[in-house]
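Working notes for the structure below.
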Amino acid sequence: MGKTIAQKIFESHLVDKPFGDEVNVLRLDAVFCHEITTPIAINDLVARGKDRVFDPSKIKAVIDHVTPAKDSKTAEQGKILRDWARRNGIKDFFDIGRNGVCHAIFPEKGFVRPGYTVIMGDSHTCTHGAFGAFAAGVGSTDLEVGILKGVCTFKEPSTIKFVLNGTLKEGVYAKDLILFLIKELTVNGATNMVMEFTGPVIDAMTMESRMTLCNMAIEAGGTCGICYPDQVTVDYLWPFIQDDFATKEAALAEYSKWKSDADAEYAEVRTYDVSELEPMVTFGYKPDQVKPVREMQGTPVQQIYIGSCTNGRIEDLRIAAGILKGKKISDNVRGIVSPATPKIFSQALEEGIIKIFQDAGFCVTNPTCGACLGMSNGVLASGEACASTTNRNFNGRMGKGGTVHLMSPASAAAAAITGEITNSPLYKA
Amino acid sequence: MKTFSGKVLFLDRSDINTDEIIPAKYLTEITKEALKPYLLEDLELPGFNPTKDISGKAAVITRANFGCGSSREHAPWALEVNDINVVIAENFARIFRQNMYNCGMMAIELDADIIDGLFKNYAGKDCSLEVNLDTRNITISTDGKQEVISFKIADFDECLVRAGGWVEYADKNY
Ligand code: SF4
């Protein structure tokens with residue numbers, strides 16, 4: 001019997017099975033940290049007299065959720081992370097000026113490779129599966145043990161395979177696809193499962209789009225979204241791996257060993273032709289409450305948010321700017337764009353994208369999670385709605401009493417112009 | 001080991017997420033105790049009043065997919081500092097479930113029809129339960145009515161509950 005990519009990664013990282021097949025203790029290749037969930041783990045390690053890390057080169061840390069600090073409490077969280085990184089010799093620590101949203105900046109730095117095991121105290125760690133890695137969000141206790149011992153426990157991976165055929169229409173993006181798939185699965189449909197994305201639609205996607213797709217696996221309950229490593233993966237990683245391989249072909253040959261076998265066993269295989277898929281948007285307070293934008297057309301919004309680990313990458317900003325170019329946002333909305341990393345910010349500046357946003361009337365913020373989790377930089381007032389490129393529309397997520405409509409950057413840009421939910425292809429430049 | 005007995009809070013809804021259990025704006029707290037007043041503050045559930053309904057409760061019984069969303073361990077901590085160490089549901093989101101056992105707390109899964117029966121027979125009444133880890137039984141009772149329900153727990157999870165969490169276990173073994 002063949003193996004899935006997740007099974008292969010588990011097998012190659014297995015440290016122990018303390019209770020038969022019930023639970024796998026895996027060796028970790030990378031432990032990622034941010035300032036919201038790590039400080040409590042750090043304080044606990046200090047209290048236990050175990051202020052150590054298993055390997056400073058495998059731990060990466062960033063201050064991203066609230067940056068610059070907005071009050072004394074967030075300043076204290078940043079300080080705990082900063083001091084800890086310094087005293088433990090963690091070189092890859094990104095503080096203000098060099099920081100960006102965790103699931104955007106870590107891949108951008110080449111920290112995720114095919115076949116890796118990655119944990120972080122953040123549910124959207126599933127994003128990194130786009131590189132053919134097993135990457136999963138965990139709580140602070142698992143994170144603490146990951147930091148101290150470089151291991152984490154997981155149940156035997158069971159996988160749902162998605163075969164995505166056809167081609168996405170113009171104006172339809174990875175975000176629309178994943179919203180559609182979450183609607184199909186429901187918010188509980190992939191709990192404890194790996195979601196393996198395959199087929200011509202994925203083959204044609206950039207790494208940015210694959211990250212958008214894998215990012216939202218958790219919204220269907222999935223442990224990890226995963227794509228096979230291929231030429232697109234190698235091209236993206238090449239600046240970081242060129243010393244390890246003689247040629248790109250050699251890198252591809254090596255990474256290809258992680259692909260699932262043709263006779264691998266799946267919990268379920270779902271095949272879709274997505275050629276007729278339309279732009280999608282959420283209503284209500286659960287990410288599986290999804291409709292075509294067409295059906296929500298005309299729903300008023302007061303704020304537009306373009307950013308986050310889902311859709312704050314350069315590709316996303318280019319798409320939104322393509323629609324906003326030469327136009328003004330509606331007087332009835334306020335627009336906020338947060339490029340997800342300093343590199344993306346610089347690129348957007350060089351390409352004239354920042355100017356397009358500013359001329360349209362957007363506020364451009366520094367790279368941060370900001371409004372995504374309603375802690376800073378664009379909190380909603382009660383009764384307000386936001387057209388957002390983020391990943392969660394939970395009640396109160398962006399501010400108590402506010403509503404979030406999740407959508408693609410294109411749909412968010414179109415909504416900015418009209419002040420209401422709008423089918424973006426109407427606004428194609 | 002923590003205690004797993006006392007009065008029950010019934011939350012009659014599926015998909016209660018961790019933003020509802022403890023909103024993000026309180027994640028700036030760096031002690032567990034500080035989370036105490038904010039448990040379930042944003043829960044969307046008609047008739048539920050967090051300031052009145054939580055006090056004195058030691059267990060939660062709810063429907064499916066409890067704890068979905070954010071990985072924040074603040075969710076089990078907010079329960080813990082309110083002396084709620086056990087949640088019983090049809091099923092849980094993976095990270096929340098693991099966080100509970102990592103903290104030495106219990107997330108017990110029961111079949112949907114059993115949960116349904118519990119809601120029918122006990123919700124809205126003054127009801128208590130007691131979890132016995134040795135016999136793997138839950139005894140639930142209200143005025144003049146009592147029943148015993150058996151539950152399953154993985155050996156590893158039981159080990160974490162008895163050890164009081166994953167940090168000590170891992171440090172000893174790996
Ligand atoms: S951008 Fe939003 S979803 Fe992503 S890591 Fe930050 S807070 Fe979480």
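As given, the protein sequences belong to chains A and B, one line each in that order. Heads up: the first sequence begins at 1 in the working numbering, then just goes up one per residue. Heads up: the second sequence begins at 1 in the working numbering, then just goes up one per residue. Where a beta carbon is used, it is the ideal one built from N, C-alpha and C, also for glycine. This one's a predicted model, so the numbers in the text were calculated from it and none came from an experiment.
For residue i, which residues from the same chain have a beta carbon less than 7 Å from its beta carbon, with the 5 sequence-adjacent residues on both sides left out?
i                : result
Ala429 (chain A) : With a pLDDT of only 42 at Ala429 (chain A), under 50, the local geometry of the prediction cannot be trusted, and the value read off the model is given with reservation. Cβ neighbours of Ala429 (chain A) beyond the five flanking positions: Gly322, Ile323 and Lys325.
Val269 (chain A) : Lys161 and Val163
Asp42 (chain B)  : Asp19, Glu20 and Pro23
Phe119 (chain B) : Phe10 and Asp12
Ile354 (chain A) : Ala348 and Val364
Gly164 (chain B) : Met1 and Gly104
Asp157 (chain B) : Tyr101
Lys172 (chain B) : none
Determine the contact status of residue i and residue j, defining contact as a CB-CB distance below 8 Å.
i                : j                : result
Thr206 (chain A) : Val232 (chain A) : yes
Ser71 (chain B)  : Gly121 (chain A) : yes
Asn391 (chain A) : Leu406 (chain A) : yes
Ile336 (chain A) : Ile304 (chain A) : yes
Val194 (chain A) : Ala6 (chain A)   : yes
Leu177 (chain A) : Leu168 (chain A) : yes
Leu39 (chain B)  : Ile21 (chain B)  : yes
Tyr122 (chain B) : Ile140 (chain B) : yes
Asn65 (chain B)  : Asn91 (chain B)  : yes
Thr191 (chain A) : Gly307 (chain A) : no
Ile42 (chain A)  : Trp84 (chain A)  : yes
Glu420 (chain A) : Gly284 (chain A) : no
Ile329 (chain A) : Gly361 (chain A) : yes
Val151 (chain A) : Tyr174 (chain B) : yes
Lys416 (chain A) : Ser424 (chain A) : The sequence given here has Ala at residue 416 (chain A), not Lys. Cβ atoms of Ala416 (chain A) and Ser424 (chain A): not closer than 8 Å.
Cys227 (chain A) : Gly129 (chain A) : yes
Lys57 (chain B)  : Lys7 (chain B)   : yes
Ile453 (chain A) : Gly146 (chain A) : The structure shown does not extend to residue 453 (chain A), since chain A is modelled only from 1 to 429, so the question has no answer here.
Asn85 (chain B)  : Phe151 (chain B) : no
Val112 (chain A) : Ala217 (chain A) : no
Gln77 (chain A)  : Pro107 (chain A) : no
Kindly indicate the opening and closing residues of the alpha helix (DSSP H) around residue i.
i                : result
Lys8 (chain A)   : Ile5 to His13
Arg397 (chain A) : Per DSSP, Arg397 (chain A) belongs to no alpha helix (DSSP H) and is neither H nor E.
Val201 (chain A) : Pro200 to Asp203
Val161 (chain B) : Asp155 to Ala163
Glu80 (chain B)  : His74 to Glu80
Ile95 (chain B)  : Arg94 to Asn102
Glu168 (chain B) : Trp166 to Asn173
Can you tell which of the options has the C-alpha that lies nearest to the C-alpha of residue i?
i                : options                                   : result
Arg27 (chain A)  : A:Lys79, A:Gln77, A:Tyr116 and A:Gly20    : A:Tyr116
Glu276 (chain A) : A:Glu170, A:Cys214, A:Ile80 and A:Val101  : A:Glu170
Lys175 (chain A) : A:Asn215, A:Met1 and A:Ala204             : A:Asn215
Ser72 (chain A)  : B:Thr28, B:Gly104 and B:Thr142            : B:Thr28
Thr127 (chain A) : A:Cys102, A:Leu148 and A:Ser140           : A:Cys102
Gly124 (chain B) : B:Lys152, B:Met100 and B:Ile61            : B:Ile61
Asn99 (chain A)  : A:Val112, A:Lys17, A:Pro114 and A:Arg82   : A:Arg82
Leu179 (chain A) : A:Gly78, A:Thr282, A:Val112 and A:Tyr236  : A:Thr282
Lys400 (chain A) : A:Ser411, A:Ala410 and A:Gly383           : A:Gly383
Val66 (chain A)  : A:Cys386, A:Ala385 and A:Gly370           : A:Gly370
Lys145 (chain B) : B:Val86, B:Cys127 and B:Asp134            : B:Cys127
Ile96 (chain A)  : A:Asp64, A:Lys70, A:Pro107 and A:Gln77    : A:Asp64
Thr135 (chain B) : B:Val148, B:Met106 and B:Asp143           : B:Val148
Lys291 (chain A) : A:Asn366, A:Glu278, A:Phe19 and A:Pro300  : A:Glu278
Ala410 (chain A) : A:Glu315, A:Ile241, A:His34 and A:Ala320  : A:Ala320
Phe10 (chain A)  : A:Val404, A:Gly222, A:Pro229 and A:Phe134 : A:Phe134
Just to confirm my understanding: we take residue i, look at its own chain, exclude 5 residues before and 5 after, and list those with CB closer than 8 Å. What are they?
i                : result
Val201 (chain A) : Leu164, Asn165, Gly166, Thr167, Leu168, Leu177 and Val274
Trp166 (chain B) : Tyr101, Asn102 and Leu160
Asp261 (chain A) : Gly2, Lys3 and Thr4
Asp244 (chain A) : Ala251
Val23 (chain A)  : Lys17, Thr153, Phe154 and Lys155
Let's see if you can read the secondary structure: which residues bound the beta strand (DSSP E) around residue i?
i                : result
Phe119 (chain B) : Segment Ala112 to Tyr122 is the alpha helix (DSSP H) holding Phe119 (chain B); no beta strand (DSSP E) there.
Ser150 (chain B) : Lys145 to Ser150
Thr62 (chain B)  : Lys57 to Thr62
Thr159 (chain A) : Ser158 to Asn165
Starting from the C-beta of residue i, find all residues in its chain whose C-beta is less than 6 Å away, skip the five residues before and the five after it, and write them out in chain order.
i                : result
Gly89 (chain A)  : Pro56
Leu129 (chain B) : Val8, Ala59, Ile138 and Ile140
Given 7 Å as the limit, tell me if residue i has its C-beta closer than that to any heavy atom belonging to ligand 2.
i                : result
Val101 (chain A) : You won't find ligand 2 in this model; what it holds is ligand 1.
Looking at the C-beta of residue i, does it have a partner C-beta in chain D at a distance below 8 Å?
i                : result
Ile336 (chain A) : The chain inventory of the structure shown lacks chain D, comprising the protein chains A and B.
- Message: For a minimum of 4 consecutive residues, which ranges assigned as the alpha helix (DSSP H) are wholly contained in the segment 300-361 of chain A?
- Response: 308-311, 314-324, 342-350 and 353-360
- Message: What ranges does the alpha helix (DSSP H) occupy inside the segment 10-54 of chain B, keeping only unbroken runs of at least 4 residues that lie completely in it?
- Response: 18-21 and 50-53
- Task: Please go through the segment 84-120 of chain A and give each complete beta strand (DSSP E) segment of 3 or more residues, from N-terminal end onward.
- Result: 117-120
- Could you pull out every unbroken alpha helix (DSSP H) segment of at least 4 residues lying fully inside the segment 212-298 of chain A, listed in chain order? 231-241, 248-255 and 293-296
- Item | Continuous beta strand (DSSP E) assignments of at least 3 residues falling wholly in the segment 364-417 of chain A | 385-388 and 403-406
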